[in-house]
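Here our numbering = 1-based position in the sequence shown + 411.
All C-beta atoms in this analysis are idealised placements derived from N, C-alpha and C, irrespective of residue type, glycine included.
Every value quoted in this text rests on a predicted model; they were computed, and no experiment measured them.
First comes the structure, then the notes that go with it.
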Amino acid sequence: VMGGISRRRGIVHNSTSESEFCTIEADIPLGEMFGYSTELRSMTQGKGEYSMEYNRHEIAPNHVIAKLVDAWAAKRAASPAAAAA
């Protein structure tokens, strides 16, 4: 589970274990959380759960910004309105 958090650019702040349960507190960018429910259930044989709450805004890393700009430019270039302008 910790590896899955790291792959999603997450930062673990705390983890506790009680009997057969483990709680992990981490910050993970919202854009990286899509599909996490499926991944977590797969890693925990269907027993894992998670919850999210807003924490703060941060500037995205340069590689993420570049990816978003490229996707926007490609979508704009493919739109009929852009071809007419």
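Practice task
State the Cα-Cα distance for the pair E436 and K478, rounded to the nearest angstrom.
Solution key: 28 angstroms
Practice task
With DSSP as the reference, please indicate the residues paired to I470 in a beta bridge.
Solution key: In DSSP, I470 forms no bridge with anything.
Practice task
Might you give, ordered along the chain, the residues of its own chain that have their beta carbon closer than 7 angstroms to the beta carbon of I422, omitting 5 neighbours on each side?
Solution key: A437, D438
Problem - Other residues of its chain near M444: CB distance less than 8 angstroms, five sequence neighbours each side excluded - result: R419, M463
Practice task
With a 10 Å radius around its C-beta and 16 neighbouring C-beta atoms as the bar for buried, classify I416 as buried or exposed.
Solution key: buried
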